[in-house]
Structure formats: C-alpha cells, structure tokens
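Numbering (our numbering), first residue to last: 26 to 109.
Heads up, the beta-carbon is just placed ideally off N, CA and C, and yes, glycines get one too.
Computed from a predicted structure; not experimentally measured.
One structure below.
The following block contains the structure:
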C-alpha cells in the first residue's frame with residue numbers, strides 16, 4: 026500500500042529504509058523524499074516506524090553513550106596522529 030502518493034513510496038519501502046537505519050520521518054524523507062511534498066504521509070510514516078523500531082533509539086534509551094559503529098570498549102578517543 027502506498028504511504029506517500031506524491032513520490033510513490035510504499036509501506037514496504039519505508040520499512041526497508043527503517044531496517045537500514047532511518048529512525049525518524051526526517052531520515053525517511055532523506056532516504057526517499059516521502060513526506061517532503063504535501064506532508065500528508067508524515068503521520069503514517071511515524072506510525073510505521075513505531076516506538077522502539079530503531080536500534081539507535083533503543084541504545085540511547087538504554088544508556089549507551091557510544092554511537093553505533095564505534096568500537097566496543099574503545100575507551101579514550103584516539104588522536105588524529107595516532108589513527109594512522
């Protein structure tokens with residue numbers, strides 16, 4: 026079923042973008058333009074994303090201080106001269 030008729034974006038496409046890390050309507054819009062024209066689909070996109078649908082959001086809510094992709098247990102930041 027279509028979520029965004031302006032750009033022909035389906036529920037499945039929104040879910041696929043969510044699975045690859047788009048956690049908010051704004052991130053969905055960046056990925057596929059849904060919600061950027063008339064805006065009528067933004068609430069439907071929010072409903073599809075739901076609460077807890079984003080791994081990054083879950084990490085933040087559980088108190089993780091490091092972003093996804095950061096090395097676990099890295100501890101201190103590495104200076105640019107040390108990174109080479």
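Quick one, are the C-beta atoms of residue i and residue j less than 9 Å apart?
i, j, result
"residue 74", "residue 36", "no"
Just mark residue i as buried or exposed, buried being the case when its beta carbon has 16 or more other beta carbons within 10 Å.
i, result
"residue 106", "Any answer about residue 106 is weak, because its pLDDT of 47 lies below 50 and its placement is not dependable; what the coordinates show is given next. Residue 106 should be labelled exposed."
"residue 63", "exposed"
For the beta strand (DSSP E) that residue i lies in, which residues bound it at each end?
i, result
"residue 29", "27-29"
Give every residue of the same chain whose Cβ lies closer than 7 Å to the Cβ of residue i, excluding the five residues on either side of it in the sequence, and list them in chain order.
i, result
"residue 61", "54"
"residue 70", "28, 39, 50, 53, 59, 60"
"residue 66", "28, 29, 59, 60"
With respect to the alpha helix (DSSP H) encompassing residue i, which residues constitute its N-terminal and C-terminal limits?
i, result
"residue 44", "36-44"
"residue 54", "50-57"
"residue 47", "Note, residue 47: premise wrong, no alpha helix (DSSP H); not H, not E."
Rounded to the nearest angstrom, how far is the Cβ of residue i from that of residue j, given a contact under 8 Å?
i, j, result
"residue 57", "residue 32", "7 Å"
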